[in-house]
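Here is the structure we will look at, set down as structure tokens.
Numbering (UniProt numbering), first residue to last: 1 to 390.
Structure follows, in structure tokens:
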């Protein structure tokens with residue numbers, strides 16, 4: 001070595017110490033991460049990671065109230081999305097819980113944020129208290145938006161104030177509403193592609209006439225004969241009971257479920273998916289059941305979801321020797337197996353019951369071998385299976 005010569009020294013700059021990967025690799029890594037907190041951590045690694053992580057973080061945005069923080073979350077999102085159009089463009093699904101009154105600056109930012117959410121496909125708009133409806137707020141916030149939704153739920157605007165919105169939304173497939181609205185008027189040419197309706201009323205007559213609906217959810221089990229108009233098209237039906245509605249069946253509570261299934265089979269016999277959820281409160285525990293002959297009337301049924309929080313014992317007449325105690329997992333799955341035995345076309349049965357504790361389970365029958373697999377589930381997981389979009 002020549003005297004005085006030195007080995008070249010590398011300068012450790014901030015940039016050279018950072019770990020860089022091509023954007024394509026960053027995208028693959030981010031796609032494998034499910035937790036949003038982990039995605040936020042990836043944002044700090046590099047600009048390439050941040051770009052790909054933000055794409056997933058902002059894809060689904062839920063601004064519903066949690067512990068009174070609705071306004072803070074709403075303000076934070078509208079501030080970011082109104083300032084940075086690319087963040088708004090990432091949003092595919094958005095849930096807004098809006099206040100009764102708006103500060104002008106917040107209304108302006110929200111209008112801009114929604115206008116820039118050009119790729120938005122699923123939108124839920126709720127009032128300060130979920131389940132309440134507010135009729136007095138101007139619909140200008142969404143009337144001018146260019147996005148084209150496929151799913152829409154409105155619990156806030158009076159629909160007559162958003163007529164321009166209805167005219168623009170030609171791609172909505174699923175509508176979630178709590179009343180008969182002008183967009184569903186038989187004389188109207190609005191919502192031409194609508195195939196699914198979730199109607200939060202107890203009147204089946206509020207369903208739109210003259211449409212070939214494929215999926216329906218309604219908060220009643222009484223007087224369901226108007227469903228007959230959808231006999232040729234309807235594949236999915238969810239019935240939710242929120243108060244005592246069995247009187248019309250003229251059956252004791254133990255036999256009411258069987259009478260209901262027979263009525264459904266007479267009206268819409270070609271169903272592929274049937275969900276029944278008893279959401280009544282303050283009922284005592286009781287026995288319930290369903291007959292093999294009633295289930296076999298639905299000779300195309302592939303999926304049956306039954307939520308019965310007040311049932312302690314369940315029997316399938318014609319299959320069960322004795323009622324099963326569905327307060328225990330073993331009894332719940334035995335009841336599910338009996339339902340599958342009674343209806344050979346069934347590929348999935350999901351049950352949820354509440355005797356000592358709320359629990360549920362899903363049984364699936366493999367198409368090839370016919371083997372039935374059992375999987376414990378929580379009540380909420382069974383509930384999620386019963387939604388129209390599941």
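Each residue gets a CB set at the ideal place from its N, CA and C atoms; glycine is no exception.
Give me the Cα-Cα distance between residue i and residue j, rounded to the nearest whole angstrom.
i: residue 181; j: residue 160; result: 8 Å
i: residue 361; j: residue 203; result: 31 Å
i: residue 36; j: residue 206; result: 40 Å
i: residue 226; j: residue 22; result: 58 Å
i: residue 286; j: residue 111; result: 51 Å
i: residue 103; j: residue 115; result: 18 Å
i: residue 274; j: residue 305; result: 6 Å
i: residue 292; j: residue 262; result: 11 Å
i: residue 33; j: residue 367; result: 32 Å
i: residue 266; j: residue 324; result: 28 Å
i: residue 247; j: residue 121; result: Only weak support exists for where residue 247 lies, its pLDDT of 48 falling under 50; the value from the coordinates is given anyway. Residue 247 and residue 121: Cα-Cα distance of roughly 41 Å.
i: residue 228; j: residue 264; result: 9 Å
i: residue 268; j: residue 224; result: 10 Å
i: residue 222; j: residue 25; result: 55 Å
i: residue 240; j: residue 60; result: 27 Å
i: residue 188; j: residue 84; result: 38 Å
i: residue 105; j: residue 183; result: 31 Å
i: residue 168; j: residue 128; result: 26 Å
i: residue 175; j: residue 20; result: 45 Å
i: residue 272; j: residue 47; result: 48 Å
Taking C-alpha atoms, which residue in the options lies nearest to residue i?
i: residue 163; options: 150, 176, 260 and 145; result: 145
i: residue 140; options: 107, 289, 189 and 265; result: 107
i: residue 337; options: 321, 353, 372 and 102; result: 372
i: residue 352; options: 45, 233, 314 and 61; result: 314
i: residue 259; options: 226, 232, 295 and 230; result: 295
i: residue 97; options: 105, 78 and 84; result: 78
i: residue 299; options: 332, 343, 324 and 321; result: 343
i: residue 329; options: 286, 292, 293 and 377; result: 377
i: residue 386; options: 142, 276, 72 and 76; result: 276
How would you call residue i, buried or exposed, if buried means at least 16 neighbouring beta carbons within 10 angstroms?
i: residue 100; result: exposed
i: residue 392; result: Within the shown structure, residues of the chain are numbered from 1 to 390, placing residue 392 beyond reach of any answer.
i: residue 401; result: Nothing can be reported for residue 401, as the shown portion of the chain is limited to 1 through 390.
i: residue 289; result: buried
i: residue 321; result: exposed
i: residue 66; result: exposed
i: residue 257; result: buried
i: residue 74; result: buried
i: residue 28; result: exposed
For residue i, which residues in the same chain have their Cβ closer than 6 Å to its Cβ, ignoring the five residues on either side in sequence?
i: residue 217; result: 198, 238 and 388
i: residue 123; result: 94, 149 and 152
i: residue 382; result: 350, 352 and 360
i: residue 214; result: 195, 233 and 235
i: residue 354; result: 309
i: residue 113; result: 78, 81, 82 and 88
i: residue 297; result: 265
Taking C-beta to C-beta, are residue i and residue j nearer than 8 Å?
i: residue 192; j: residue 170; result: yes
i: residue 278; j: residue 308; result: yes
i: residue 190; j: residue 155; result: no
i: residue 80; j: residue 117; result: no
i: residue 327; j: residue 303; result: no
i: residue 196; j: residue 173; result: yes
i: residue 201; j: residue 178; result: yes
i: residue 119; j: residue 147; result: yes
i: residue 333; j: residue 369; result: no
Leaving out the 5 sequence neighbours to the left and right, which residues in its chain are closer than 7 Å to residue i when beta-carbon positions are compared?
i: residue 211; result: 194
i: residue 58; result: 87, 90 and 91
i: residue 143; result: 162, 164 and 165
i: residue 331; result: 324 and 325
Less than 8 Å between C-beta atoms, sequence neighbours within five positions excluded: which residues of the same chain meet that for residue i?
i: residue 270; result: 231, 232, 234, 235 and 300
i: residue 340; result: 346, 349, 363, 365 and 372
i: residue 44; result: 50
i: residue 30; result: 39, 42, 49, 52, 53, 55 and 56
i: residue 63; result: 70, 73, 74, 77, 94, 95, 96 and 97
i: residue 335; result: 314, 315, 316, 320, 324, 326 and 351
For the ligand NAP, any of its heavy atoms closer than 7 Å to the Cβ of residue i?
i: residue 170; result: The ligand NAP is absent from the structure shown, which contains no ligand whatsoever.
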